[in-house]
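Residue numbers (the numbering used here), protein chains in the order written: chain A, 14 to 493; chain B, 14 to 493; chain C, 14 to 493; chain D, 14 to 493. Ideal placement from N, C-alpha and C gives every residue a C-beta, glycine not left out. Heads up, the thing below is written out as structure tokens.
There are 4 protein chains.
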Amino acid sequence: MSEIHEECGVFGVFAPEVQEVAATTYYGLFALQHRGQESAGIVVNDDGIFRTHRDAGLVNDVFTADRLQKLGTGNMAIGHVRYGTKKTGGRENAQPLVVNHLKGNMALAQNGCLINGYELRSELENEGCIFHTTSDIEVIAYTITKERVKSRSIEQAVVGAMHRIKGSYSLVVMSPSKLIAARDPHGLHPLCYGIREDGAYIVASESCALNAVGAQKIREIEPGEVLMFTKDGLVSDRTHCGQEKRMCVFEYIYTARPDSIIDNCCVHDARRRAGAFLAEKYPIDADIVVGVPDSGLDAALGYSQKSGIPYGIGFIKNKYIGRTFIAPGQSVREDKVRIKLSVVESVIRGKRVILVDDSIVRGTTSARIVKLLRHAGAKEVHMLSSAPAFLNPCYYGTDIDSRDNLIACHHSVEEIAKIIGADSLGYLDLQHVKYLDGGDGTGFCCACFDGDYPTEIPARTQASRFEQKISTNPKFQNKN
Amino acid sequence: MSEIHEECGVFGVFAPEVQEVAATTYYGLFALQHRGQESAGIVVNDDGIFRTHRDAGLVNDVFTADRLQKLGTGNMAIGHVRYGTKKTGGRENAQPLVVNHLKGNMALAQNGCLINGYELRSELENEGCIFHTTSDIEVIAYTITKERVKSRSIEQAVVGAMHRIKGSYSLVVMSPSKLIAARDPHGLHPLCYGIREDGAYIVASESCALNAVGAQKIREIEPGEVLMFTKDGLVSDRTHCGQEKRMCVFEYIYTARPDSIIDNCCVHDARRRAGAFLAEKYPIDADIVVGVPDSGLDAALGYSQKSGIPYGIGFIKNKYIGRTFIAPGQSVREDKVRIKLSVVESVIRGKRVILVDDSIVRGTTSARIVKLLRHAGAKEVHMLSSAPAFLNPCYYGTDIDSRDNLIACHHSVEEIAKIIGADSLGYLDLQHVKYLDGGDGTGFCCACFDGDYPTEIPARTQASRFEQKISTNPKFQNKN
Amino acid sequence: MSEIHEECGVFGVFAPEVQEVAATTYYGLFALQHRGQESAGIVVNDDGIFRTHRDAGLVNDVFTADRLQKLGTGNMAIGHVRYGTKKTGGRENAQPLVVNHLKGNMALAQNGCLINGYELRSELENEGCIFHTTSDIEVIAYTITKERVKSRSIEQAVVGAMHRIKGSYSLVVMSPSKLIAARDPHGLHPLCYGIREDGAYIVASESCALNAVGAQKIREIEPGEVLMFTKDGLVSDRTHCGQEKRMCVFEYIYTARPDSIIDNCCVHDARRRAGAFLAEKYPIDADIVVGVPDSGLDAALGYSQKSGIPYGIGFIKNKYIGRTFIAPGQSVREDKVRIKLSVVESVIRGKRVILVDDSIVRGTTSARIVKLLRHAGAKEVHMLSSAPAFLNPCYYGTDIDSRDNLIACHHSVEEIAKIIGADSLGYLDLQHVKYLDGGDGTGFCCACFDGDYPTEIPARTQASRFEQKISTNPKFQNKN
Amino acid sequence: MSEIHEECGVFGVFAPEVQEVAATTYYGLFALQHRGQESAGIVVNDDGIFRTHRDAGLVNDVFTADRLQKLGTGNMAIGHVRYGTKKTGGRENAQPLVVNHLKGNMALAQNGCLINGYELRSELENEGCIFHTTSDIEVIAYTITKERVKSRSIEQAVVGAMHRIKGSYSLVVMSPSKLIAARDPHGLHPLCYGIREDGAYIVASESCALNAVGAQKIREIEPGEVLMFTKDGLVSDRTHCGQEKRMCVFEYIYTARPDSIIDNCCVHDARRRAGAFLAEKYPIDADIVVGVPDSGLDAALGYSQKSGIPYGIGFIKNKYIGRTFIAPGQSVREDKVRIKLSVVESVIRGKRVILVDDSIVRGTTSARIVKLLRHAGAKEVHMLSSAPAFLNPCYYGTDIDSRDNLIACHHSVEEIAKIIGADSLGYLDLQHVKYLDGGDGTGFCCACFDGDYPTEIPARTQASRFEQKISTNPKFQNKN
């Protein structure tokens, strides 16, 4: 029910011999589907020949049995699921990107967002380069191939390109004979790898995708690391390692799947810990704790366990509402939330309810959910957010918009409580958020909450948060 | 994750004036989607003109914006979602059925299964009647139109037909000017109605569909009742009322949605009660109680609340796996369960786990789930079924198959525990199942558990459970 | 470019053993596609099991490789292509119709139109029968199954039913073990059969479909004949033979394909003969004769050959314009004819042109074509119709509408010439039309030209030409 | 029925104000559909914003009403239909290509084939450039944008790029504010423009597309000319003009539509002239002249008119066989020609037939057509080709393959006559082919007949006719 969109998931497989790598990638993307539902793509590497299919839609829609069949077998494949953030969506921008260059084919897929994408694109355009997409991945591809001309190998070209590209990126790159995984020096988004019994290496944004294909997780790709898989084994390049780790803390709160383990901390546990922190800070006298499905459930259970207030199943989420859901009819249209979410009235009626959700962005969804509870007879509704208040935009790929749309930038907590109709409102504490992984309070980017960005934000990018509104406007005149 | 399929859901709307009844029915069918995912259909009555669309697929697939648009507006509509049980599926058998007869158009949709369908069909065939489908609904349509020739009204024809048709049926019937709802004399499946603020009456299999369209529930249609909605108001015919009520208890355990209220008992509460009964009967010494999503969650919470053993979120269900999910690849194919269901390892590892599921049919799914838990490090796994053991086939529409496929018909509880790999196994007690609604222990059909059928089973039908296997065999020779 | 729509084509195959009868039928329907482009269907009989697919669309659209595959093999199949005439179109009315009855399955397909369909339907409805379609074929199916109850065999039932059904019908009927072809006693539409080298019998509306599947034509099915194909050979029932033959003469002029041979006369030759008759009657002083593609070409050649005036290829028809052609854009929309038909200007400029088309119904298309020629620089345009003027509606299946829409009912030849912008206008002579087959002037129904109907027209049917306008109106109230 | 595939058609519209340019382009592409049936695309320029849709399929398939709607209005648009020649087909290579570069957007579409495409691509790759397609158009786009960096305007960049690209190209290029049409210095393929009453300029491969959208042809774009359309009017750049004109003569024989006028000669007339030349050279004693539809009809008429031997309509071409035609069934598969082409037996039986087709490539189709005539009872069959014998491959876009597949490279005329089963065989004379336009025998490329190529053929390209076979082989290893 969240108003925030995830961005992307990447997947790669390197098998010791030709096998059904398309099927493996398909299962892996299924497990990563929660990271992006706008488009999906797979590239199979059959001894140097790349076969690609990518399109707008869910993994299930994009890959029919027939389509998978046509991808054939191979010993490598990479895949991608995507949610369009800043840039325009659609079929053209679906990844992985496949390009031909001096040394043959290359396929790439990225989770993340460059902060100097605009500048690099401008430089390339000044040399007469053409762009087919508006996506960062094409800028990355160019930067790598430009390096490739003067490098001895594709992995050196990737390492070289990483001197130039800045921002967040968890990358999988496939050449005719190699699979490469690379993570930006701050490790803003997760990326891990594992191995299957048959010797196939798997790279994925989250460990849940390793489990889905029967692989055992080995470890995270480290921030700045470039890991290369070839017939001769693994090689790790650590040229860009050693900078401060700053992983997006929102991965724990919302983006990642509860059963994924990131840096030895299970996401479900991190969320229960968020609930427990909330119980400490907000010891509310209530009858029941309910979470908004699906991402509020873990924190609600954590609150219940810490506080001793009973956990309740207060909502039924209609699981048949897909992305193609249409909302016809004048009278019903306004309340899509009611179609997606039903209250179990007998659980709520007459109760003082603690309602836990993952975050509050604009507040409109929260307001509707509180209204549903009131309508079902809740005596009191205390809303708790398992994230701190959003106060700053994100430049690294999470769709946290400009301050204009962030309710917490314009209203006090009390005002927001009133706006959403809750009896009280609480946020996860800024101090607590850094300890969600049970660690020492370091290693996170919490910039959307505290404004402490791990990288410089180039003037152009800061401005362009707003300019973009113009440039994607179909009426913008780009005269020659 | 259940191996049992639901059967059908029906919906009807009678509005005081022309409005977007197709949209209303669409939302209603969405809320009933859990009762049938094989086909969906809507018939709109626009002042006597019927516009129909029905096809195989989910509501979302069958009704695009364009299709709904073409159905137009009207003052009445009926809809249906279906899971094929005994008879063959496919587009041809999608409901509602629309027929032309002496007095004009008629549209019908049914939840249930006739026990004398074969006999009635034979009689009609002996008169030279032709059948386009293999569905009971066509037999019901004929029976009503035969009555209609000698009746004064459509409602009299329905009442008359109910003397002839036997078995389970929650019916909605639409004539050019009337909407009729009828429920079999034992009330084997639920059917209720309500009213919206704009004066539109809504009939639906479950109250969750009334909520979805903003209607207030008035009451259940009573067993045997025929309720007619016309411009002049409601008329209830109680000719067939007064027989023993015997509603399918499995509606509470599995079929109905947790937020639906049937006979004043919320389904979620009934399921938690099942969990509490299990806690009483099986006071296991364990560390955590987890339910198999989605239908085992409520009973798991009930067990936890009664026993004091902590409730855990032990599984993540992949919500993106639709009906069109394909399972490519030799190596992975065998374990579809792993793709659909992931264990949250940190919740399970090292724990003595109580695992609650709604029922055990063949045991194969249970075995795989237990294996997942073992693999994730569970120390003990105690499996509890919130239904008693299935020992008898169902003749009323629930897809509980012949004894051949029911594991409990062939093995003791201890044997089954061993087969599925559980440390112990328990079933809801046969005495407890009748009290799931918090009532006096009467009013239920529990035949699949105790063999006490509310109707006679005609010789032909009993036999045909097996003969059918032959008759649907494409190689069966039906020579003329 | 004609304004008249064909109605239907039927096809059947009876093979000595199981083979790819679906593929055979597919090719046959392809060759009959010109007789109906609205829907297509095939039923395969696999040892008594019927597998069916039918839908709205061209043969090519309805039958994908996958769909044909699913129909499987068998030793019999029937097929149908359809153009909706009086009754509503759509998927529901696609043929063949498949019904279950007392003696098993039956599949039927018809080319033609009953004149007592309304009466038979009313009788059946009075017995409480239900109808799923508004098509005559369902009335025929009922009439046969009603006979079947008291008959010894399906063929006797067909012969029996033919005492009751009146009008035009070329029928193929398939029972679990027999294929039956029947033609109405006047033989209003063609129906022939042949044999292939492998011993398979083929029945088809036109001989071009026999050629397409490699069969040799044996002969026409005679008017009133019922021909039955079984494992034991052919049986002909001639109970209904001996009435006056009255085949639709418009089959020669427009409906049939030029390479088909009907009653030993090639359709192409009949059309050239029409052109020759026109040359006799209208010895125009002109420079060139051009035909409107495709059905005016043969007659234009006939005129040229008789008159000695050079034959020209004056038009290019855009062969890529399918039924799904959309005509977007305000400015261009009005002139769809220009998109479909281009003039070869160099052939026309400065010439006195004789323009031959198959018929003139409303005159609007003719007017546009004449205008195209004028625009291309024609000095004179003399329009000739290879059919006489339409003065009467057709009750037997050809879409010649009520007199309201027939321009010749309301205007003199001179007036029509002026309306369509031609310098002169001529029609095939009523006396000549009966000699198109090179015969003795008998054996034709020319009712649309001369009003001499071969059957009585029941009062209801005559009226209903107009009433129907109401009954298909979606606003018509059919109250109960 | 030809074995030769056309290559491409381009279209552009520049309107004085915003209007339905997508609809105009749609109609234009319809008229050019014969030039390419593999993919279609339209780019609409709405005040600098480009909206694109392109996909594999016919214009009718690719552009639904909905798709056209989404393209919206604008004051410019370009479109393309394509048949894949040397390079791989599919969605990725569909044109127009749209790229972003230093100065904004650019859309391009080409009819033709570069001879130095491989070299230019290699140079660009050496600079680190990436390629998304294997199409020449991407090489052209790069070459233009490289020029653009140092040019004052887009038109200068196009003129500059033309110094580098070599081969055949009829180009339309669209910048945010300009439409540019350019034709290679030899004018290998046609390109013309015209104006509509509303002041909109239209550029198209053939004049038939101007007619289709109601435009009046002004003139051909001259070989080497760059014509720019802006708000301020037309500007012609003639930097590359003045080289020898060498238009592909096969445009008159086969590629272009009969109603198109190229260089003041109507294509239909050129074809009739071919027939007349054949009649002069081969004065055969026969009863009838028939053409193979559609492209043999005009020449057959020309032969008939010159010789006095009657013209006959000998074949019916099944117009419902689209590109999606499947050929199921073992027994029938081998003779697809029979499904597509039927003989009008009464025209052929007992006759000495002169059969005219546009060309003979491999001879297999000709052999089947001759066989159909023999089967229909032809006494003699004299085959005439309205093209000379193919002896050389084409490097400029027409799909005339390597000598391996050209029957005339390996057999004498007598041998070929025997192979295809004809009593005699004749080809259009090499001397005559240069006079098809009624001109002075200059201005044509007849290289496929006489080996006189208008440009040098770079060593790489000559070789690559064969190497390509390897490089498009999915098993070719392109190792990094």
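Closest residue to residue 175/B among 189/B, 191/B, 154/B, 187/B (Cα-Cα distance):
For the residues 189/B, 191/B, 154/B, 187/B, the minimum Cα distance to residue 175/B belongs to 154/B.
Minimum Cβ-Cβ distance from residue 144/D to chain A less than 9 Å
At least one beta carbon of chain A lies nearer than 9 Å to the beta carbon of residue 144/D.
Mind checking if residue 382/A is an interface residue toward chain B, Cβ cutoff 9 Å exclusive?
Taking Cβ atoms only, chain B never reaches closer than 9 Å to residue 382/A, which makes this a no.
Any idea if residue 181/C is buried or exposed, counting beta-carbon neighbours within 10 angstroms, 16 or more meaning buried?
Buried, because 16 or more other Cβ atoms sit within 10 Å of the Cβ of residue 181/C.
Provide the residue(s) that pair with residue 124/D in DSSP beta bridges, ordered along the chain.
183/D, per the DSSP bridge assignment.
Boundaries of the alpha helix (DSSP H) in which residue 169/D is found, first to last residue
Looking at the DSSP string, the run of the alpha helix (DSSP H) that includes residue 169/D is 167-174.
Mind listing which residues of the region 322-337 of chain D have their C-beta closer than 9 Å to chain C's C-betas, in chain order?
Identification of residues in the region 322-337 of chain D having a C-beta nearer than 9 Å to some C-beta of chain C yields 323, 324, 325, 326, 328, 329, 330, 331, 332, 333, 334, 335, 337, given in sequence order.
Over the uninterrupted beta strand (DSSP E) stretch that includes residue 404/C, give me the two end residues.
Residue 404/C -> no beta strand (DSSP E), and no H or E assigned at all.
What is the DSSP secondary structure of residue 281/A, reduced to helix, strand or coil?
Assignment of residue 281/A by DSSP, reduced to helix, strand and coil, places it in the helix class.
Please name the residue, chosen from 56/A, 219/A, 109/A, 108/A, that lies closest to residue 47/A on a Cα-to-Cα basis.
Of 56/A, 219/A, 109/A, 108/A, the residue nearest in Cα terms is 219/A.
Would you verify that the beta carbon of residue 425/D is, or is not, closer than 9 Å to some beta carbon of chain C?
When Cβ-Cβ separations below 9 Å define contact, residue 425/D makes no contact with chain C.
Which of the residues in the region 298-314 of chain B, read from start to end, lie with their CB under 8 Å from any CB of chain A?
If the cut-off is 8 Å between Cβ atoms, the region 298-314 of chain B has 307, 310, 311, 314 near chain A.
Partners in chain A for residue 185/B, counting only beta-carbon separations shorter than 7 Å
Listed by position along chain A, the residues whose Cβ is nearer than 7 Å to that of residue 185/B form an empty set, because the closest Cβ is around 20 Å away.
Fully enclosed by the region 369-456 of chain A, which alpha helix (DSSP H) runs are 4 residues long or longer?
Listed in chain order, they are 377-388, 426-433, 443-446.
CA-to-CA distance, residue 305/C to residue 29/B, given in whole angstroms
About 56 Å.
Using a beta-carbon distance cut-off of less than 8 Å, what residues from the region 255-289 of chain B approach chain A?
Per Cβ criterion, the list reads 270, 271, 272, 274, 279, 281, 282.
Near residue 430/A, which residues of its chain fall below 8 Å by C-beta distance, leaving aside the five closest residues on each side in sequence?
Excluding positions up to five away in sequence, the list reads 396, 436, 437, 438.
For the region 182-202 of chain B against the region 123-143 of chain B, are there 3 or more C-beta pairs whose distance is under 8 Å?
As far as the Cβ criterion goes, the region 182-202 of chain B touches the region 123-143 of chain B, which means the pair count is three or higher.
Close Cβ partners of residue 7/B (< 6 Å) along its chain, the five nearest in sequence each way excluded:
As displayed, chain B neither begins before 14 nor continues past 493, which places residue 7/B out of reach and without an answer.
By the 10 Å Cβ neighbour count, where 16 or more other Cβ atoms means buried, how is residue 95/B classified, buried or exposed?
Buried, because 16 or more other Cβ atoms sit within 10 Å of the Cβ of residue 95/B.
Own chain, CB closer than 8 Å to residue 235/C, minus 5 neighbours either side, in chain order
By the criterion of a C-beta distance shorter than 8 Å, residue 235/C is surrounded in its chain by 196, 200, 251, 254, once the five residues flanking it on both sides are discounted.
Enumerate in chain order the residues of its own chain whose CB-to-CB distance from residue 322/D is below 6 Å, with the five nearest sequence positions on each side excluded.
Once the five neighbours on either side are set aside, the close Cβ partners of residue 322/D are 299, 302.
Give me the Cα-Cα distance between residue 352/B and residue 70/D, rounded to the nearest whole angstrom.
Taking the straight line from one Cα to the other gives about 36 Å.
So, does the CB of residue 100/A fall closer than 9 Å to a CB anywhere in chain D?
Note that residue 100/A scores 46 on pLDDT, short of 50, meaning its location in the model is unreliable; the coordinates nonetheless yield the value given after this. Contact with chain D is absent for residue 100/A, since none of that chain's Cβ atoms lies less than 9 Å from the residue's Cβ.
Span of the beta strand (DSSP E), counted from its first residue to its last, around residue 205/A:
Residue 205/A -> beta strand (DSSP E) spans 205-209.
Measure the C-alpha to C-alpha separation of residue 391/D and residue 433/D and round it to an integer number of angstroms.
C-alpha separation (whole angstroms): 15 Å.
Report all residues from its chain with a CB closer than 7 Å to the CB of residue 363/D; omit the five preceding and five following residues, and keep chain order.
When the five nearest sequence neighbours on each side are left out, the beta carbons in the same chain lying within less than 7 Å of the beta carbon of residue 363/D are those of 390, 392, in order along the chain.
With DSSP collapsed to three states, give me the class of residue 22/A.
Strand, per DSSP.
Residue 277/A and residue 355/B - do their beta-carbons sit closer together than 9 Å?
Taking 9 Å as the Cβ cut-off, residue 355/B and residue 277/A do not qualify as a contacting pair.
Under the three-state reduction of DSSP, which class applies to residue 42/A: helix, strand or coil?
Here residue 42/A sits in helix by DSSP.
Could you say if the region 143-158 of chain C and the region 361-381 of chain C meet the contact criterion of at least three C-beta pairs nearer than 8 Å?
Contact fails: fewer than three Cβ-Cβ distances are below 8 Å.
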